[in-house]
Amino acid sequence: MKTRNVLGSLLVAIALLAMAPGAAMAGTGDVDPDAKCLKCHSKNMKKKLEDGETLSLHVDADPFSTSVHRVIGCTGCHRDVTKGKHPSREPISSHRDYTLERNDTCRQCHAAKYTAYKGSVHASLVAEGNDKAPVCSDCHSAHAIQAQAVYEPVSGEPCSACHEAIYDAYAQSVHGLARTNGNVIREAHIKAPICADCHRAHDITAVASNSYLKNTCLDCHDGAAVAHEKWLPNASMHLSSVACAACHSPMADRRVDLQLYDNLKQVPVVQQDGEGEYQARLDEIDATGDGLDSVELWKLVRQGSRQGQATDVTLRGRMEVSTGVEAHRLAPRSEAVRSCDSCHQGGANGFQNVTVSITTPDGRKQRFNADKKVLSSVVSVDSVGDFYAPGGTRIRLLDGLLLLALVGGLAIPVGHIALGKYLRRKNNRNS
Amino acid sequence: MTTTAMNNPTQPRQHAKVYLHPLPVRLWHWLNALGFVLLIVTGVQIRYVDLFGLMSFEAAVRLHNWTGFAVIANWFLWFIYYLFSERVTNYHPDLDPVSFFQRYFRQAGYYSWGYFQGEERPHKVQPQDKFNPMQKLTYQFVMFISAPVTFLTGLMMWDVERFGGLISMVGGIRVVNTVHVLMFILFVMFITTHVYMGFLGKKPSSHYKEMITGYEEPH
Chain E
1 MKTRNVLGSL
11 LVAIALLAMA
21 PGAAMAGTGD
31 VDPDAKCLKC
41 HSKNMKKKLE
51 DGETLSLHVD
61 ADPFSTSVHR
71 VIGCTGCHRD
81 VTKGKHPSRE
91 PISSHRDYTL
101 ERNDTCRQCH
111 AAKYTAYKGS
121 VHASLVAEGN
131 DKAPVCSDCH
141 SAHAIQAQAV
151 YEPVSGEPCS
161 ACHEAIYDAY
171 AQSVHGLART
181 NGNVIREAHI
191 KAPICADCHR
201 AHDITAVASN
211 SYLKNTCLDC
221 HDGAAVAHEK
231 WLPNASMHLS
241 SVACAACHSP
251 MADRRVDLQL
261 YDNLKQVPVV
271 QQDGEGEYQA
281 RLDEIDATGD
291 GLDSVELWKL
301 VRQGSRQGQA
311 TDVTLRGRME
321 VSTGVEAHRL
331 APRSEAVRSC
341 DSCHQGGANG
351 FQNVTVSITT
361 PDGRKQRFNA
371 DKKVLSSVVS
381 VDSVGDFYAP
391 GGTRIRLLDG
401 LLLLALVGGL
411 AIPVGHIALG
421 KYLRRKNNRN
431 S
Chain Z
1 MTTTAMNNPT
11 QPRQHAKVYL
21 HPLPVRLWHW
31 LNALGFVLLI
41 VTGVQIRYVD
51 LFGLMSFEAA
61 VRLHNWTGFA
71 VIANWFLWFI
81 YYLFSERVTN
91 YHPDLDPVSF
101 FQRYFRQAGY
111 YSWGYFQGEE
121 RPHKVQPQDK
131 FNPMQKLTYQ
141 FVMFISAPVT
151 FLTGLMMWDV
161 ERFGGLISMV
171 GGIRVVNTVH
181 VLMFILFVMF
191 ITTHVYMGFL
201 GKKPSSHYKE
211 MITGYEEPH
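Written out as structure tokens, the structure is:
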């Protein structure tokens, strides 16, 4: 497969070389056309944009000369530049617009990668108009494009440029430390993962997708499921309703996320009309805006069932860490949470924060705050029917009933003995 | 001795010992009692780790599960014994509800008045009719409804994957747990009352002795 890719790349490169004006000129003994470009663009050239900002037209010659794209030359990408035609006079509205426009250029050669990218959460954010969401050149750079091997550094580049805090957490994690220490894990030489190994490089899925990341962990830790079954009751259920990081990032703050789920279709409920759809519903249900209480949550679930988007809506609960940074602070196995009491008791850390989430079409979750009491209310029997942690999310009304039963159970003998004493005293008095 | 009993020569002699509780029933009863105590203690420990520290959550879950299976097996011992015994009539429903509830309230009246006046018990104990109406209704409910429902919900929680379909059918794991806990609450009430009622024989030890020897103590 790899040989085929290399061969394919070579053919593309040869084809591009043949097409590039520079190739023709080289045959005629003309100077390197890139040198012609760099004659101007290695200088500190700038262009005034329509939004008032300035676009640097400077290209650093050294990195470009060592980039993998050197072989196709400037016009390999800038095909609109030909001899006698230069688009310098065409107006550019903004830096971002220019970047987005040029992004399509990559597709001409990297169609498969480009298609994968278009299905990613990054592309989804771009489509939403997020001006910080990355396009090809944000990760690969515009002119200093390096070989794939360069994108496996311990520095976390290019991901760390945007996800710096997450990268810092990763760098100190069992994975990050193993990577910097020469990939030595448990005294064996095992290649520790970098960002793209878990999140993929181009078709990056929303990390909130419950099953995706668990499966990613199990791809490498293929014995983990069996290992958990040896000591953990209901291991399979735990693996599906507790995020790996909730135990393997032991110092993390945890929370419970209640995802709206269609039981009939066995898929998360996806909001179709943009993020505003559920926000509007919640504004109506939770008029005070102080987070959903148990009755408001029940109304949300019932309403979801009624409005025809799904016929059997419920909330699927999952224990997870509260931030992406915490999710990357993975500790060695010996430090993972193993004590059941960590979760299975009243007041446990994980049950103090509760969110309700609705899945967006690209797989992300739009979260809303909920009162932690939604997990211990009697109403939860209906609305949160599929999530229960013995001890941790016990229904308070049942605690009251148990107390009543104990008092009642003791009151019967005490009352009966008292009645006996009263009747005997009465009989003695009468006799 | 009541006037009725003295005038009726067919009435069994009060002091003749009647074999009320055969060995399988006594074995089942005391194993069940031990099992129930263990289930209640471990159940409370599972539910209230933050309040009680008798054992770890993990140990409580394991002990609860094993005891649960033992109690289920024990229930079948009871069920099979009675299924093939002529004493099964003890659990037969009364087909005349009016008469049954008249006797039920007469028994309740006895416990709240007659018992203290030294009156004769309204229900004459026989090997094939040993339960008074209050006992009969309670034990029918406990043995045919409460216990099986508790076993079933307990099994579902023991392996939520294996019983996933059934759990979904009844409305989710929280429904299952709530029903299990409600049954547990009923058992707590039943056991406290049951232990106390055990002292209401001729002597406080009478019923306990009967449940050990199998023979009815003199009244």
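Residue numbers (this note's numbering), protein chains in the order written: chain E, 1 to 431; chain Z, 1 to 219. From the three backbone atoms N, C-alpha and C, an ideal C-beta is built for every residue, glycine too.
- The continuous alpha helix (DSSP H) containing E/V381 extends over residues S380 to S383.
- Within the same chain, and ignoring the five residues on either side of Z/T42 in sequence, the residues whose Cβ sits closer than 6 Å to its Cβ are A60, L63 and H64.
- For the pair of segments examined, the region 277-296 of chain E was found to touch the region 373-381 of chain E: the number of CB pairs separated by less than 8 Å reaches three.
- Residue pairing of E/A370 in beta bridges, as defined by DSSP: E/L292 and E/V354.
- Contact between the region 75-82 of chain E and the region 53-64 of chain E is absent, with fewer than three C-beta pairs closer than 8 Å.
- When only Cα atoms are considered, E/T205 and E/L38 end up about 39 Å apart.
- With respect to the 9 Å criterion, E/L49 and E/S93 are classified as neighbours on the basis of their beta carbons.
- In the three-state DSSP reduction, E/K132 falls in the coil class, being neither helix nor strand.
- Under the three-state reduction of DSSP, E/L55 is assigned to strand.
- Going by DSSP, E/L419 is part of the alpha helix (DSSP H) stretching over R396 to N430.
- Residue state for Z/R87 is assigned as helix, using DSSP reduced to three classes.
- Excluding its 5 nearest sequence neighbours in each direction, E/N103 has C-beta neighbours in its own chain below 6 Å: V135 and C136, listed in chain order.
- Counted as a single uninterrupted DSSP element, the stretch harbouring Z/Y110 is not any beta strand (DSSP E), since DSSP gives it neither H nor E.
- In the three-state scheme derived from DSSP, where H, G and I count as helix and E and B as strand, Z/V37 is classed as helix.
- In this model, E/P87 and E/T99 are separated by some 15 Å (Cα to Cα).
- The CB of Z/S56 comes closer than 9 Å to the CB of S339, C340 and D341 in chain E, given here in chain order.
- In summary, E/Q345 is buried, with 16 or more beta-carbon neighbours lying within 10 Å of its beta-carbon over all protein chains present.
- DSSP places Z/Q135 in the uninterrupted alpha helix (DSSP H) bounded by P133 to F141.
- Looking at the DSSP output, E/M319 sits in a beta bridge with E/V242 and E/V256.
- Proximity of E/P233 to chain Z, defined by a Cβ-Cβ separation below 9 Å, is satisfied.
- At least one CB of chain E lies nearer than 9 Å to the CB of Z/T178.
- Residue-level contact check: E/L218 does not touch chain Z, since none of the beta carbons of chain Z fall below 9 Å from its beta carbon.
- The Cβ-Cβ distance between E/F351 and E/V242 does not fall below 9 Å.
- At a cut-off of 9 Å, the C-beta of E/P193 has no neighbouring C-beta in chain Z.
- Residues C198 of the same chain have their beta carbon placed closer than 7 Å to that of E/T216, with the five preceding and five following residues left out of the count.
- Taking the Cβ atoms as the reference, E/V325 lies roughly 5 Å from E/I166, within the contact range of under 8 Å.
- For the region 253-271 of chain E, the set of residues with a beta-carbon nearer than 9 Å to any beta-carbon of chain Z comprises N263, in chain order.
- Against chain Z, a Cβ distance below 8 Å from E/H344 picks out I46, V49 and F57.
- Within its own chain, the residues whose Cβ lies closer than 6 Å to the Cβ of Z/M183, once the five positions on either side in sequence are excluded, are S146, V149 and T150, listed in chain order.
- Around the Cβ of Z/G68, a 10 Å sphere holds 16 or more other Cβ atoms; the residue is buried.
- Interface with chain E (9 Å Cβ-Cβ cutoff): Z/E161 is included.
- In this structure E/G289 is not in contact with E/L260, their Cβ atoms being roughly 19 Å apart against a cut-off of 8 Å.
- Its Cα nearest to that of E/H110, the residue E/H69 stands out among E/R429, E/K265 and E/H69.
- Looking at the DSSP output, Z/H180 sits in no beta bridge, so it has no partner there.
- Contact check for E/T360 against E/V270 passes: the beta carbons are separated by less than 9 Å.
- For E/L49, no chain Z residue has a C-beta closer than 7 Å to its own C-beta; the minimum C-beta separation is roughly 57 Å.
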